[in-house]
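Just below is one structure, and these are the notes that go with it.
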Amino acid sequence: MLMNKIKIFLLPAIACILLLISENAYSADRADNKPLSHIPYKPIEISSLSRYIEDRIAFQHIQLSGFSRDEDNSLASLLIIKNSEVYLFRDGYDDEKKVSLENYMQVIKNELPKDLWINKIDSRPDFIKIATRRTEKLLNSNKDYTEKNSGDVYRSIRNSFINYHVRVFKELMMNRSESEFNLQRKPIFPPPFKEMDAPIQFSSVIKARAQNKVLYYAEDKDGDEVTETFYVTMSDGFNWGHKSGPNIIFIYNNKEEDIKKFIGKLCHEAYFGTSEEEESLLKYFPKEADILNAFKLEKVTMQTSQPARQRAPASNQK
Numbered sequence: 001m002l003m004n005k006i007k008i009f010l011l012p013a014i015a016c017i018l019l020l021i022s023e024n025a026y027s028a029d030r031a032d033n034k035p036l037s038h039i040p041y042k043p044i045e046i047s048s049l050s051r052y053i054e055d056r057i058a059f060q061h062i063q064l065s066g067f068s069r070d071e072d073n074s075l076a077s078l079l080i081i082k083n084s085e086v087y088l089f090r091d092g093y094d095d096e097k098k099v100s101l102e103n104y105m106q107v108i109k110n111e112l113p114k115d116l117w118i119n120k121i122d123s124r125p126d127f128i129k130i131a132t133r134r135t136e137k138l139l140n141s142n143k144d145y146t147e148k149n150s151g152d153v154y155r156s157i158r159n160s161f162i163n164y165h166v167r168v169f170k171e172l173m174m175n176r177s178e179s180e181f182n183l184q185r186k187p188i189f190p191p192p193f194k195e196m197d198a199p200i201q202f203s204s205v206i207k208a209r210a211q212n213k214v215l216y217y218a219e220d221k222d223g224d225e226v227t228e229t230f231y232v233t234m235s236d237g238f239n240w241g242h243k244s245g246p247n248i249i250f251i252y253n254n255k256e257e258d259i260k261k262f263i264g265k266l267c268h269e270a271y272f273g274t275s276e277e278e279e280s281l282l283k284y285f286p287k288e289a290d291i292l293n294a295f296k297l298e299k300v301t302m303q304t305s306q307p308a309r310q311r312a313p314a315s316n317q318k
């Protein structure tokens with residue numbers, strides 16, 4: 001009986017120790033990719049909103065490398081506030097309490113750690129919550145229900161919202177002197193096993209600020225000329241808690257093709273120029289006739305000279 005009592009008291013303590021040990025295994029490859037070190041954020045929560053009386057939209061799209069016991073590594077959230085009604089859509093939603101219990105059982109059974117956040121971002125909402133003044137009116141996490149009743153609305157508003165801010169960002173690129181535009185490109189040192197003559201890749205970070213003080217940020221971290229991080233934020237006091245992150249758009253480490261179509265070329269275009277910039281610059285190219293007339297110059301037409309016909313070698317002459 002004494003041994004049984006000792007086992008009962010020791011079991012919770014052993015479980016806690018195993019949970020702490022396993023946490024390191026879960027997040028072993030997260031150190032270089034987790035944005036919390038330089039871009040703190042929290043998933044959007046209606047109950048934590050600083051205010052909800054103004055109409056606005058906020059969008060988060062988080063995709064983390066590796067996995068953690070207590071943090072969803074693939075989650076998108078679309079917040080819409082209109083007429084004091086609050087709508088929150090989630091894509092890639094997993095029930096945290098369920099995942100926590102499964103993690104606990106995984107440790108108790110001494111199983112190898114695995115990613116239990118099974119729902120990944122796929123542009124299909126699997127959670128919707130509607131509230132008025134933080135009073136819940138609807139909550140549904142049935143994927144079939146949410147996709148059928150709100151899938152098209154979610155994608156349409158998300159795409160239109162991202163597209164609008166990408167257009168604004170490109171306009172800031174074209175007016176760099178007026179937008180505090182800043183571009184930093186740094187060489188990425190290749191790993192030891194990479195060939196020495198391999199082309200050097202550059203990471204890129206871009207910042208620009210609109211006249212309404214909205215800050216725009218884009219980043220290509222791995223130097224593949226594909227922008228994977230894009231955020232838009234404004235210091236107006238709207239948030240969902242301390243260090244909740246960018247309050248308009250926060251796309252981090254994107255891996256989805258539909259989002260890539262909007263933000264994928266931003267860093268590349270900021271450095272090499274956009275098609276819109278090229279068209280705009282062409283408007284300022286001087287007209288040939290205007291310059292010739294202004295300086296009283298005569299147009300010269302260059303004739304292509306014909307190469308002289310070579311004589312045949314003396315040995316071939318008769």
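Terminal number for the sequence shown in my numbering: 318, no gaps in between.
We put the CB at the ideal spot given by N, CA and C, even for glycine.
Exclusion of the five residues before and after SER74 leaves ILE62, GLN63, LEU64, GLY92, TRP117, ASN119, LYS120, ILE121 as the residues of its chain whose Cβ lies within less than 8 Å of its Cβ.
Around the beta carbon of ARG69, 16 or more other beta carbons lie within 10 angstroms, which makes this residue buried.
Pairing PHE272 with GLU71, the inter-Cα distance amounts to about 37 Å.
With a cutoff of 8 Å on beta-carbon distance, ARG134 and ILE57 are scored as not near each other. Taking C-beta atoms under 8 Å as the contact rule, SER203 and GLY223 qualify, at a distance of about 5 Å. Annotation for GLN211: no beta strand (DSSP E) segment contains it, and DSSP assigns it neither H nor E. Each of TYR52, LYS109, LEU101, TYR231 was checked against the Cα of ILE80, and the nearest Cα belongs to TYR52. Apart from sequence neighbours up to five positions away, the residues of its chain that approach VAL205 with a beta-carbon distance below 7 Å are GLN184, GLU219, ordered along the chain. The alpha-carbon separation between THR229 and VAL300 amounts to approximately 53 Å. Residue pairing by DSSP places ALA270 in no beta bridge whatsoever. Under the three-pair Cβ rule at 8 Å, the segment 132 to 152 counts as touching the segment 82 to 97. In the DSSP assignment, PHE262 falls within the alpha helix (DSSP H) that extends over 257 to 263. Taking C-beta separations shorter than 7 Å and ignoring five residues to either side along the sequence, the partners of ALA198 in its chain run PRO190, following chain order.
Closest option to ILE128, judged by alpha-carbon separation, among LYS109, LYS207, SER150, ILE108: SER150. Judged by DSSP secondary structure, GLN106 falls within the alpha helix (DSSP H) whose first and last residues are 96 to 108. By DSSP's assignment, LYS82 forms a beta bridge with GLU85.
In the structure shown, ILE39 adopts coil according to DSSP, grouped into three states. Under DSSP, the beta-bridge partners assigned to PHE230 are ALA218, ILE251.
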